[in-house]
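Working notes for the structure below.
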Amino acid sequence: MPRPEPKTITFTIDGREVQAPENTILVDAAKLGDVEIPVFCYEPKLGAPVGACRMCLVEIEGIPKLQTGCSTPVKDGMVVHTQTDRVREAQAAVVEFLLINHPLDCPVCDKGGECPLQDISFGWGGGRSRFIEPKRHFQKPLELSPLIAIDRERCILCYRCVRFSQEVSEDYQLILHERGAQTFVGTFDGHPYVAPFSGNIIELCPVGALTSRPYRFRARPWDIEGSGSVCGLCPSQCNVTFTVRDDRVLRVLARQNDGVDDGWLCDRGRFAYQAIHVDERITEPLLRDGGTLRPVSWERALDEAASLLKKAGSRVGALAGGGTTNEEGFLLQRLVREVAGSEHLDAAGIDPVDAWTLLDPALQASMQDVEYAHTVLVVGTEPVDDMPILDLRIRKGVRRNRVKLAVATPRPSSLDANAALSLRYAPGGEGAFVAALTAAVYGGDIEAPAAAADASVDEIRALAELLRTGGDGAPGDVVIVWGTSMLAADGGAVAPALLKLASGLNLSGREGGGLLAVPAAANERGLLEAGFAPGMAPGFGETDGEGEAHAVAGIAAALRAGDLTALYLLHDDPLVTRADTHGWDHALEKTTAVIAHSQFLTAGLLEHANVVFPAESYAEKEGTITHPDGRVQRLRPAIGRQGSVRAEWWVLTELAKRLGTDFGVLTGAMASQQLFAAVPFYNGLTLDTIGGKGVRWPADAALAAAYPAAPEARRDAVYAEAAEPNGALRLGTFRSIWVGADVEASPALKFLAPRQMVEMAPSDAQRLGVRHGEKVLVGGDGASVEAIVALRDAALPGSVFLQTGITTNAANVLDGPLVEIRKA
Amino acid sequence: MARNRPVRSSATGHLTGEGLQPVPRYAHGSRVPGWDDAVDLTKDPAGVPDPAVVAVPADLRAQIEDFMSRYPDARSAAIPALRAAQEKYGWCSPDAIEQVACVMRLTPGYLAAVAGFYDQLETRPVGHRPVYVCTNISCSLRGADALLASLQDELHDDETVNLRGFECLGACDIAPMVSVEGVYVGPVESPEEIAELARQIRAGEDPLPEKQLLRRPCQDPGAVS
Amino acid sequence: MSQKILFKNIDEPGLATLDVYRARGGYGDRLRKALSMPKDALVEELKASGLRGRGGAGFSMGTKASFLPKGQMDKYLVCNADESEPGTFKDRELMQKCPHMLIEGMIIAAYAAGANKAFIYIRGEYQQQAEILERAIEEAKAAGLLGDRLMGTDTSLTLWVHRGAGAYICGEETGLLDSLEGKRGNPRLKPPFPANQGLYQGPTLINNVETLATLPHIIEMGASEYAKIGVQNSTGTKLISISGHVMRPGNYEIELGMSSRDIIYGLAGGPGDGRSVKMWFPGGSSSPVLTGDDLDLPYDFDSMAKAGTMLGSGAIIIVDDQTSVVDVALKTAQFYRHESCGKCTPCREGTNWTVKMLERIKSGEATPMDLDLMASVCENIIGHCLCVLGDAMAMPIGSMVKKFRTEFEEYIEMARARAERELMAGLSSAPAAQPHHPVAA
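As given, the protein sequences belong to chains A, B and C, one line each in that order.
Counting in the numbering used here, the first sequence runs from 353 upward without gaps.
Counting in the numbering used here, the second sequence runs from 14 upward without gaps.
Counting in the numbering used here, the third sequence runs from 7 upward without gaps.
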């Protein structure tokens, strides 16, 4: 899809000549001449203008009727008037119409003080009302969902919220009922409006009709300050503004960055701030004393941790979770490698050489490429769960730019309805599927790998055809959005096949096309680049260490075997985030020293940690994280650290000092400098240049040139075959967007914390004699989990899907690949 | 359905009737049904119904799929599909909408928004036989309001009839007129005629055969050769 | 007596069937002639006929057809049979009695526009007419007049009847398109116009039933012959619907330019019973009203425009001197409030407000100053809306207030006096005073 190339034109507005890109919407172009045209319904993020509110009427010479500025593209030589009597009268009339039924309860309205209706009434209204009939009065506020309150008296029917639901998130749950003056916003048959992105309608509402229930009556606009940062809860890394009052985060708003989030936020990003200020949060160091964790002083905790580390010597392993910043990962790998002399550290759980080859800047697609590509293939990931904001971007590309979408996943995808082609393969067949697709693009045997993935050869051929020719004989840029969890599943086969596929499609060095990885954790890419990966130094350099470097599973095994005796957990708890719960339980059991940084006492820490350092929340952190498309972004502290929480970089530096090494880090910024110096393709970055919008290093020729050449892809890769069910069922897993300690700890979001469900095809359910909604046990001989049956018409027969990461009954305890289902 | 059948009162056009909330606060302010309704937080969000979970009668499914096949974009079948469901269930009940949504692969919300927009699609339980009395300008100039009132008196206790005043039905030449399940009759003027029509409606007979629009010749004298 | 083109022998038994229609020359030489003409020449022929759209806006049909882009793409023809303008019922008579005339016209229009998919959007209330059309389409399909390579030519056309479900706004062409796409029938912003981006975003020609049904006759007569009928800028014959207080309400086919008096008294018989015409809508309820003094105006597009009103859909509603203008105004305003789609502010709020003011006048709670307010509200609606529905209420109401101000003032006084009497009577008999605004528990 060609991106717009603006041509500059000159038009006249209120007597002054203004230059603007041709076809800019007049409302926006007017701003370039410092003229404000008032709007309510116009919001470019929502797509084509609708011209509903009629607030932006202006006079254009040569057109007899007043025109809506929100729908008029500027042309060269256009002459516009916004200050004539005719325009003023029309605008005052619209304000009067809007206010006749508006309750004017501004003193008790959350929007008061930051309300477009107030501002526009003040600026463009007549300042009087001639409406003497009684206004409409209704019960208010009403619940629209547990998160959103609706006040229908205040609604001015600007259509923004329903357009969001229908044309942006495409959940089509929020609708207009009735028509004319009786029109009102609501949902079908009293169902709540619960959807991953529902909170955006609060921000879109130009009046106080839709308000945030957690924020209601917490502050007035003059009590608060805004503080820009980045949400660190998932790989989307959306840019946000924290609303801060008295050193507390009271609200999170989107901070539009077209390269990242397009101005939207998911509900987790919008409401999980509550977890910052809950009693469950750890705000002082804890030390295990007689079996229980007790608060101690920082000195004591640091001394104790240092002595445990000293005792373990080089027999230390370390894991970092997704919330870890680049700097924290960088410093911890220094601590483990330089100070302890161990090589056993991991975060992503994928082979760093695979990552190195696949993250090559020449292959890297950007978020915006997804929107303008000719074809997008989503393979092995469910964007709405794994990287929610990407889901909106893909939908936008399909809807607005007619991007051709193909989806290939084991589990039915929420994008299937938008896809030109969507196909299924068996869980466990990742490597085989990509191999089959590569063969279909490149030539080679398709049948065998397709059979191993239990996928249809014809569908794979059709997909290859779509990727190669664009489906209409006009091939263009292809973006492959792939889940890095595929590497964890069958890395040996997936990475080389993906690389071969990319080169078959000529994606290397291509503007507008390439690969876009969807990581399993928020800063997975940053940690890989900062050297927090087994056997890989910062910037994919060589490590000094010798011998094998254990990855996640290897660390667990070494702990169980007693080869490692200490485990350092930075924002991680393997009992919650990693597969093989039993193996990890056993490993932690055997570990002499578990040192952790965490905000919450999760299962593993509660049982096994010896020292727990209170961790910063993302609103307190400073440092950088790296977006999946290579954008290095900066976290800035919005509030002071709660309780006696201290910065992680400080803790790591202190521990190193106690163990005899001075990291030379006295401030957070110094940690960033060290990181930028150590990673060749971060060289020259500064916190200033990163600024509020981040820097995409793969797009910077000089930085990209510093990327070390990756080794040749393995040629002898053999894919694994998806397990043969033989009467049992293949187990696939997924992780919901609503999984996380932050969701569990946020009072407002808690209701979304998922319960275990087993998704299965109706034919399987019939064979097993289980019904929709029935409680069953899913498992093998050893472990089983309780789950509710959820029938899915589109599910692949022979496979079932369970969720991982949830608090109870998580699928992490099952080690698959086959399970059986019994009635509970 | 626990709720009683609501009756549309001619004076305000608002829903009244037993079992519904009395009209609160300002009696002469505009009250809109639905505006006071909060959602039920015990319900799940209403996404596209999964065919594995929602059962759709085969005849209804076949009808809807036939409509869908007529258009380049299957969503165009929304109105015909809702009408088919209404004919089957008497009104566009939540269950009916859910079934249509399941076949059309849309959210029930999409269809509820459509159903709420159009006068002939009923989103509240009503009698399944529509009887519309045109009360627009030309008909009201010729006594439509009285006709509606008389028919309401005659038929108020017939639960199968959905009697309502309607905007211009496009038959001002036979004003005042009534559409009895799609059959236009008029002019219906004398009390005897009204009583007879009411009786026929109750009995499900062909309404006023002599006064049906289809039998009326063109008034233009030049049209007859 | 005017020439009859559309209504010629309209009541002939069996005319709705293919055989009778064919016996009259339908689907015959004229259709073959049209389909053998180069498309451009056909469009030029339609332009030359001077035929103006019969739906209400009166835009040149041939010019509209020429706006569609050329070239290979999905193009659509939509027949607007959502005849909902109060007082209008002419298309109903055509569809019900001679459905094949419309179908033949649609084949010609689709060929001219290069469209191969066509829809008749008929209002949902016209159930019998929709069934008649569907039967006729089946017949035409079976006879090879519709479908692939119709009549052995290279032209293909599929045609479906799409029934609406009761919404006046779907007669507005873009509201109709949204409705036909299966959405709420909200009008769209223009531009883009349907000729460029209409149904499913494809180029779309939308015409009224009467317009399309006229095409076979234009081809048969030749554009120049057709253009000789009527007056300049208002060529051809026009179907008009007359209703309200007349002796012979119904549809009539006239030559435009005929005197209004001849129509109202000559054809329709006038109000009768010694009553006189007080007020009349010349082109449906959306047109500004005329009075008994305007009866000698020629009935054509330009003369009506000059008189500050419009020919619209050709629906004349007569109100006699026994009727209160306030009642008519309230009915009119209530209709538009009910039918406003609610998308744009001035229409949604303005129609609602106007109804409330008229209700106050009726209940005796108004003063003559409210008439100025009402006029001002109407002024504030006109020209500020997304589509013409708001204007369609504001213009007739505005014209009624202007032309019958004295009557409104008298009514206000009378109603106030009545309300006062009732209040006094209530105070003296009621056991306890009612609160002004009763508040429910």
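Virtual Cβ for every residue (Gly too), placed ideally from N, Cα, C.
Just so you know, these numbers come straight off a predicted model, no measurement behind them.
- For the pair of segments examined, the segment 391 to 403 of chain C was found not to touch the segment 260 to 276 of chain C: the number of CB pairs separated by less than 8 Å stays below three.
- Against F341(C), the close residues of chain B are N149, I150, E180, C181, in the order they occur along the chain (beta-carbon pairs closer than 8 Å).
- Only those residues of the segment 477 to 499 of chain A whose C-beta falls short of 8 Å from the nearest C-beta of chain B are listed: E485, P486, K487, R488, H489, F490, Q491, L494, E495, L496, S497, P498.
- Of the residues E194(B), Q165(B), E209(B), V127(B), the one whose Cα lies closest to the Cα of I527(A) is V127(B).
- For P121(B), the nearest beta carbon of chain A is closer than 8 Å to its own beta carbon.
- L221(B) is outside the set of residues whose beta carbon lies under 8 Å from a beta carbon in chain C.
- Residue-level contact check: Y511(A) does not touch chain B, since none of the beta carbons of chain B fall below 8 Å from its beta carbon.
- Counting C-beta pairs closer than 8 Å gives three or more between the segment 941 to 959 of chain A and the segment 915 to 925 of chain A, which meets the contact rule.
- Bounds of the beta strand (DSSP E) holding P373(A) are 368 to 373.
- Cβ proximity to chain A below 7 Å picks out S43, V45, G47, W48, D49, D50, A51, V52, D53, L54, K56 from the segment 43 to 56 of chain B.
- The continuous alpha helix (DSSP H) containing W936(A) extends over residues 933 to 942.
- Between the beta-carbon of C405(A) and that of V379(A) there is about 12 Å, and that puts the pair past the 8 Å contact cut.
- Under DSSP, K244(C) takes part in a beta bridge, and its partners are I260(C).
- Remark: C-beta atoms of L317(C) and D306(C) approach each other more closely than 8 Å.
- Of all alpha-carbon atoms in A159(B), D233(B), Y145(B), P143(B), the one lying nearest the alpha-carbon of D186(B) is that of D233(B).
- Judged by beta-carbon spacing, I246(C) lies within the 8 Å limit of Y258(C), meaning their Cβ atoms are closer than that value.
- In the structure shown, E1000(A) adopts helical secondary structure according to DSSP, grouped into three states.
- Following the DSSP letters along the chain, one finds D184(C) inside the alpha helix (DSSP H) bounded by residues 179 to 186.
- The beta carbon of F73(C) sits no closer than 8 Å to any beta carbon of chain B.
- At a cut-off of 8 Å between C-beta atoms, P548(A) does not count as an interface residue with respect to chain B.
- The segment 325 to 340 of chain C makes contact with the segment 279 to 293 of chain C, as at least three CB pairs between them are under 8 Å.
- Beta bridge pairing from DSSP links W834(A) with V731(A), A869(A).
- Residues are counted here when their Cβ sits less than 8 Å from a Cβ of chain C; for the segment 366 to 393 of chain A the count is zero.
- By the neighbour-count definition (other C-beta atoms within 10 Å, threshold 16), P352(C) is a buried residue.
- Residues S369, G370, E371 of the same chain have their beta carbon placed closer than 8 Å to that of A425(C), with the five preceding and five following residues left out of the count.
- Nearest to R607(A) by C-alpha distance, out of C583(A), W1001(A), F623(A), is C583(A).
- Between G256(C) and C152(B) a beta carbon distance of about 15 Å is seen, past the 8 Å cut, so the two are scored as non-contacting.
- E369(A) has its alpha-carbon roughly 13 Å from the corresponding atom of T360(A).
- If the five residues before and after T120(B) are omitted, its C-beta is found closer than 7 Å to the C-beta atoms of A59, G60, V61, A114, all from its own chain and listed in chain order.
- For P107(B), a Cβ of chain A is located within less than 8 Å of the residue's own Cβ.
- The three-state reading of DSSP puts A216(B) in helix, counting H, G and I together.
- The shortest CA-to-CA distance from T173(B) to any of H141(B), E218(B), A65(B) is the one to H141(B).
- Look at A445(A): its C-beta is under 8 Å from a C-beta on chain C.
- The three-state reading of DSSP puts M1112(A) in strand, counting E and B together.
- For R118(B), the chain A residues whose C-beta falls within less than 7 Å of its own C-beta are A769, listed in chain order.
- Listed along the chain, the chain C residues whose CB falls inside 9 Å of the CB of R88(B) are E187, G188, K189.
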